[in-house]
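Residue numbers (the numbering used here), protein chains in the order written: chain B, 2 to 250; chain F, 2 to 250; chain E, 2 to 250; chain R, 2 to 250; chain S, 2 to 250; chain X, 2 to 250; chain U, 2 to 250; chain V, 2 to 250.
Right, dumping it as structure tokens:
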């Protein structure tokens with residue numbers, strides 16, 4: 002409900018084309034779509050420039066399909082993350098044209114915008130790939146070109162240094178790491194673009210499900226690093242795309 | 002030590018202009034400046050495009066002045082944050098031309114680049130101003146135009162909604178909040194640009210020195226939000242400028 | 002064992018209608034019903050004006066039925082929450098006249114008082130519905146009229162603002178949210194009645210099973226907000242009814 | 002900005018009494034008072050029925066006086082809590098007519114409404130009195146009659162049982178306790194009105210600054226109990242008054 | 002290896018009845034029984050006056066039987082706690098004369114000493130019975146008379162007060178409670194004997210698997226209360242017996 | 002208010018010697034002494050056999066003196082712990098006959114019972130002496146004979162083994178340790194009497210103010226060990242005396 | 002990429018045997034082997050003197066085999082830890098010549114160096130054996146002689162003292178313990194060689210999955226003790242071997 | 002009390018040169034020196050090969066001097082760490098020949114052994130120097146040659162790579178870092194000798210006094226890394242020397 006629409010509406014009231022009662026009602030009925038158990042924020046694309054994304058974990062397959070269908074009427078692509086096996090199967094039947102990335106555990110329905118501008122996604126170890134793939138798939142779906150560098154953790158520094166110059170061509174870098182969470186600090190000291198650090202729950206014992214990596218990343222001694230929630234590959238990919246898209250303006 | 006310099010060096014070796022021993026030495030002696038108690042990363046501006054910043058807390062006034070002088074020889078502006086009263090006084094004597102922002106507790110030495118592109122800095126309550134001012138001063142010093150909105154917390158939502166449209170003109174938004182840390186979630190749902198959330202240690206009891214706000218921000222239900230360390234106004238301002246600078250390209 | 006009963010008893014002693022020994026015994030034998038493995042607090046309705054409620058989790062189906070039957074002799078309605086599938090089936094056979102709410106995972110046996118006064122129950126996301134439904138069912142069973150608003154989280158603020166005026170007609174508002182727990186702060190800033198915040202364990206990573214939401218709610222910057230345990234929909238619905246019932250006096 | 006005002010405004014637009022531009026402006030300019038460093042939510046009394054309260058901790062005496070004066074223009078009473086010695090002295094000079102409660106560390110400016118309906122405030126030990134006094138002063142200032150019972154902790158149960166019947170005449174009960182935080186559970190099992198539990202930071206060692214009491218209260222086995230932040234006497238007194246005021250309707 | 006045995010040994014050396022080499026060997030070979038995967042502390046009964054007890058959780062049924070048989074050769078009764086279903090079945094076959102308490106999940110092999118002196122075991126709710134039963138069975142097996150009071154939590158105080166005088170006849174009282182862990186504080190204020198508090202993992206949400214109860218008990222405002230590990234019914238029953246046995250001397 | 006007094010009172014009512022109104026009043030007025038800011042539990046000695054003890058920390062010197070005087074009227078000895086320098090000086094003036102132990106930071110007023118039965122108090126390091134001295138002074142004041150062994154930590158095991166046999170003559174052993182909290186496990190494996198473990202806040206870094214020692218003690222692999230709050234020397238000494246006194250019966 | 006190789010390369014450039022372009026490429030292509038999903042650090046043996054080890058948990062059997070095969074081409078032995086049942090079976094088929102230690106859950110492929118120098122591995126209880134066996138197998142595979150002492154916890158101190166002199170012949174001692182984690186402190190006070198403490202997740206309740214033991218070990222009052230992650234038997238065995246190997250030089 | 006002494010003693014008993022009573026006494030009187038408030042473990046040098054070290058924090062200057070004098074009689078050098086200003090001044094007067102290192106806050110009395118073998122000490126930032134200096138001074142005092150590299154944190158990786166080859170000549174490396182604690186992981190991946198990681202309390206906000214660094218180090222993805230307590234420079238220096246001394250054998 003932005004100023005332009007407000008001007009139009011109020012002008013219509015001033016002209017008598019719209020009654021006061023209708024205008025009151027219209028001003029109150031803000032745009033979302035009510036499914037009963039969910040209120041789809043179809044207005045989000047208008048408001049933020051990016052579509053609402055469906056967090057698939059814990060939702061019934063039937064609910065998921067209903068939500069996806071509802072969103073797809075307003076805008077595409079529709080992105081669904083954290084798909085369970087059941088959710089994936091049900092959606093694959095309902096939307097045969099959808100694109101699934103099983104490494105990322107995610108689905109995209111509808112065309113992505115043509116890619117423009119590059120985002121890099123790095124992960125420290127092979128167990129972090131699932132989260133990194135979610136970030137990469139998200140950014141790709143939203144319209145970014147994505148470069149992947151898997152298994153470049155700091156215990157074998159030469160692997161990171163080998164790809165260092167490729168990093169400089171990205172407009173944002175997602176760095177995924179569990180255990181000691183040291184990789185973002187090292188990357189942040191090497192590059193000139195924003196680094197989005199994603200701690201993962203990979204590890205055992207005193208990793209405390211990603212807490213060790215999360216704290217390390219929040220305390221990164223390299224500036225230009227910010228952090229998202231543990232295992233939140235989606236959030237990092239989304240933000241990387243937003244930065245990339247802004248840089249493309 | 003980038004590819005270009007490597008090409009130049011190796012070409013010199015190939016031509017015989019540089020001996021093998023000298024080249025080995027040169028390749029090993031990477032550019033930093035050793036003060037004994039500190040190794041100034043004067044190479045950072047070259048490497049990341051942004052200058053090293055001095056964290057003033059816990060450093061002796063004399064050390065501070067020495068570090069600032071050392072950095073200023075390589076590049077300006079030099080930014081110092083978390084100045085104690087003693088540090089501020091000593092630096093004011095040593096560098097009479099420096100610019101001090103006492104609300105932010107920070108100092109800048111040397112000219113900032115001409116401002117280009119806008120960053121918004123918001124804070125939830127009046128006690129959060131100190132951290133927000135650090136973010137604003139940092140971004141300003143590095144070369145961003147900054148718009149400030151103080152005391153727009155969610156318990157009086159109309160204060161935020163009143164400035165909402167101004168937010169859309171920023172290329173990055175820093176949102177500073179203590180206590181329940183709810184403001185970034187609300188802002189993140191309204192805007193289309195990256196939101197950098199800064200939890201503050203403002204609060205008491207179960208705020209646990211900013212932990213409550215930090216966790217709330219990491220769990221923000223609005224995408225496009227990332228988080229920096231508690232009270233890390235500098236980091237947020239730095240990152241906002243990096244995003245802004247990238248968007249200006 | 003209140004003053005009136007004490008007066009009656011002592012007067013009987015004074016008149017000789019009751020022997021000293023009997024009075025001693027009577028004063029010691031306070032009213033509860035001993036099932037061996039449980040001591041039913043049948044006195045609670047008398048003492049607090051509200052019946053004892055059965056927490057179904059972890060109780061054997063047979064024990065549950067025995068407890069329900071024991072309580073139903075003293076007063077109704079009897080409310081059972083956190084029913085397992087087995088518990089639900091066993092109780093459905095034993096008490097065919099009972100009312101089950103499967104979304105809430107709860108059962109009510111016996112007539113509720115006629116509804117009087119309105120309680121509102123809100124939840125932030127669809128995954129919070131289970132807890133919100135428990136709160137709504139509890140308040141309904143105890144005798145409150147309940148209005149439900151599902152999926153009105155702060156990331157799409159227009160959904161909440163759309164129902165804002167309905168909130169003012171409630172005498173107490175239950176606000177259920179996981180993840181960042183931001184909704185109660187926003188609601189608390191909009192309304193004039195008590196807000197009971199319920200953190201849920203919905204989320205992942207640094208939500209720590211609801212801790213993030215719990216801390217955010219305890220630190221709410223809006224006054225008039227209090228908090229119950231994580232996922233404690235029952236407690237919130239109970240308290241909302243108690244406030245509503247008091248307001249109806 | 003409620004429906005009525007909207008109707009009036011839009012009718013004026015329809016009649017041509019108000020231009021579209023003015024209406025746009027008016028709809029955007031929501032009521033708060035901007036002091037630069039603070040945005041006073043003068044609209045709160047209208048919106049929530051209760052005035053904004055000033056949290057005194059960490060505010061400069063001069064700022065405090067400016068905020069109090071600003072609020073007092075809109076509505077009274079103005080309540081200030083957590084006064085430092087300096088703040089108290091400065092305010093006492095500026096507002097000689099104000100009322101100070103030094104046990105509570107708080108100030109009230111302007112007449113309270115005539116008291117109506119009773120709130121009880123209990124505390125477990127003598128060290129909890131400071132917090133309990135803040136609760137009592139808050140509720141009194143807002144217009145509740147308050148009954149105080151100090152030092153009635155569960156280790157000497159007869160002290161609580163001695164005042165038990167007085168509790169039943171209250172419409173809400175604030176229970177303040179540190180250390181093991183056991184008192185609200187016992188009180189909650191005895192009374193029929195809402196119990197607002199306030200953990201305090203009183204204790205040592207594994208009390209962890211009130212965490213032990215906070216967790217105990219959140220896990221209270223008595224229904225009808227909700228919890229506010231550690232040491233938040235103000236919040237509890239405010240909520241107790243809101244419940245009391247609602248019950249008086 | 003006490004002073005008496007040392008005297009005997011050294012006298013034998015002095016008399017030449019024992020060679021120096023044998024004495025060296027004997028002094029080094031302290032009494033335990035080595036099964037390879039376990040070193041049975043058969044010396045414990047001699048050293049501490051109480052037999053070693055077998056913690057059954059996580060041990061293979063065959064290992065358990067081997068350990069039990071090894072201990073039974075040195076002294077009886079042998080007590081095994083935390084029996085899995087498999088462990089229980091295997092032991093029941095191997096030791097048909099053993100006594101099993103399925104509520105406690107424990108087994109005793111061999112005669113207990115004749116009971117002497119009384120220990121009371123209380124629990125707050127029906128879900129705490131498992132832990133309380135382990136405490137009661139342990140104390141019984143070691144030779145204490147045990148009185149049980151189940152479901153006497155503080156939310157219905159009359160249930161505890163009804164058994165109060167029976168408590169005074171015990172020489173030690175075990176109090177088992179989960180959730181808010183308030184019962185030991187109340188009991189500790191009523192009795193003159195040691196209270197051993199056992200937090201249980203009963204609860205949900207912010208009970209944090211018994212942490213809330215543990216902290217509450219450690220902060221008990223009643224003196225004479227000490228605490229054992231969460232769910233450690235065995236440890237409490239053992240200690241209660243040790244106190245009881247000491248009092249019987 | 003025990004059965005005997007109840008019999009007497011009710012008999013008086015039956016005989017008409019006491020009116021019903023007086024009996025109602027008498028039954029309600031349970032024995033404590035109300036100072037306004039404190040309700041002295043003068044009934045405790047009667048109820049628990051041990052006097053109330055005054056926790057001196059955070060109390061005003063004047064309040065302390067008033068409380069001590071109030072308690073001394075009912076029973077002696079009166080014990081005050083955690084005395085500040087100011088509190089100590091004020092009490093020394095007010096009660097010149099009192100006995101002060103400055104190592105323990107405590108005071109005793111009035112004669113202790115003649116010592117009977119022995120309690121041992123051990124501490125691991127010299128920094129733990131303050132807490133151990135509080136335990137020792139408490140037990141001595143209440144009437145136990147106390148043996149002290151300072152600085153017998155496990156890193157130099159021969160120091161503990163040197164006093165081992167003396168430990169067997171005690172009826173209860175208090176073991177005070179900070180840092181790794183290992184001493185109670187070792188002592189618990191050597192002796193036959195109850196071990197009361199007291200974690201201290203001695204340590205730094207990951208000792209977390211005694212948390213490391215507390216957790217270690219709660220997880221002691223030796224049975225017969227229970228734990229009190231961090232730095233709670235008083236509680237341990239009190240409990241040791243209670244056990245000792247019970248053993249002397 | 003050490004100095005020697007750099008000299009060789011640059012000399013080749015100087016002689017014209019290597020073109021500048023090839024040298025640039027070569028300097029960038031550091032030695033690791035890229036499998037797509039993993040980058041094998043085959044350079045590690047060269048760099049650190051010890052082979053890369055494969056952490057088996059969470060890796061697909063097929064991936065595991067591919068990684069093992071890839072590493073085995075560069076150097077042997079290859080060590081795999083934390084094998085699942087599926088992983089073990091698949092590797093046993095693929096590498097029939099490999100050696101499996103099922104107690105340790107690990108596999109070794111290829112010859113170990115001849116053992117030289119002794120490492121001791123101790124564990125406190127039988128439930129700690131799994132972790133201790135991993136440490137022992139790791140050190141053995143890398144080329145250390147290993148002595149094992151199982152079940153020598155501090156609650157039966159004579160079991161440790163019985164093996165004390167054997168400890169002095171080791172060059173490094175791994176001490177594995179859960180629950181109270183007290184064993185390393187006692188061992189550290191007895192020996193002259195480095196003690197590597199391994200907390201295990203053995204325990205329940207307030208052991209918090211090994212946190213209690215971890216904290217106790219970090220606070221060990223005996224110097225010469227360092228700590229690795231919870232359950233990290235591999236890391237301790239590796240480090241013990243590194244120390245042993247260094248001592249053998 | 003080793004086997005040799007035992008043989009000698011028992012032979013004397015066998016010959017009648019020593020009476021049984023004297024032998025009993027001798028066997029019981031193990032070697033430590035009792036100062037009343039402290040039991041000096043003068044036996045440690047014999048037992049572990051390294052002298053006892055005095056932790057200066059929290060000890061009275063007079064006590065410190067007494068302890069130092071007591072230890073100096075048995076063996077030198079005597080090392081005192083964590084000296085307060087008062088402690089330092091008192092010791093400087095008492096022991097004018099002692100050597101003080103004010104950066105490390107430590108003192109050494111008596112000759113160190115001639116240095117043999119090299120230990121490297123690194124720190125990440127200038128604020129970590131205090132802890133690193135304590136490690137370096139400790140190792141030096143005990144007899145190791147020490148190389149220092151200050152301010153080589155990972156955000157400017159070239160500073161570390163510049164000293165990399167010097168690291169290979171050390172027999173043990175101490176790595177000191179606060180904030181994100183990433184340095185030990187990077188160093189551990191580069192070297193072949195044991196790395197002892199020391200987290201420091203340097204940082205703010207979510208560094209939680211060194212917890213972030215501690216957890217990161219415990220989760221280091223490079224093997225060969227172990228960890229000591231936060232700020233425990235002494236412990237790391239001691240252990241590095243023990244490893245170095247062992248390697249020199």
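Just so it is clear, CB atoms sit at the ideal spot from N, CA and C, and this is done for glycine as well.
In this text, all values refer to a predicted model and were calculated from it rather than measured experimentally.
Assigned secondary structure, residue i (DSSP; H/G/I helix, E/B strand, else coil)
i	result
residue 245(E)	helix
residue 200(B)	strand
residue 213(V)	helix
residue 31(F)	Unreliable placement is indicated for residue 31(F), whose pLDDT of 44 sits below 50; no coordinate value is reported for it.
residue 1(X)	With chain X represented from 2 up to 250, any question about residue 1(X) goes unanswered, as that position is not in the structure.
residue 237(X)	helix
residue 153(U)	coil
Cβ-Cβ separation, residue j to residue i (assumed contact under 8 Å), whole Å
i	j	result
residue 14(V)	residue 15(S)	6 Å
residue 239(X)	residue 139(X)	6 Å
Cross-chain neighbours of residue i in chain S, by beta carbon under 9 Å
i	result
residue 181(R)	181, 182, 183, 185, 186, 216, 217, 218, 219, 220, 221, 222 and 223
9 Å Cβ cut-off: residues of chain V touching residue i
i	result
residue 38(F)	127, 130, 151 and 152
Evaluate the contact criterion for the segment 240-247 of chain S versus the segment 128-147 of chain S: three or more CB pairs, one atom per stretch, below 8 Å. yes
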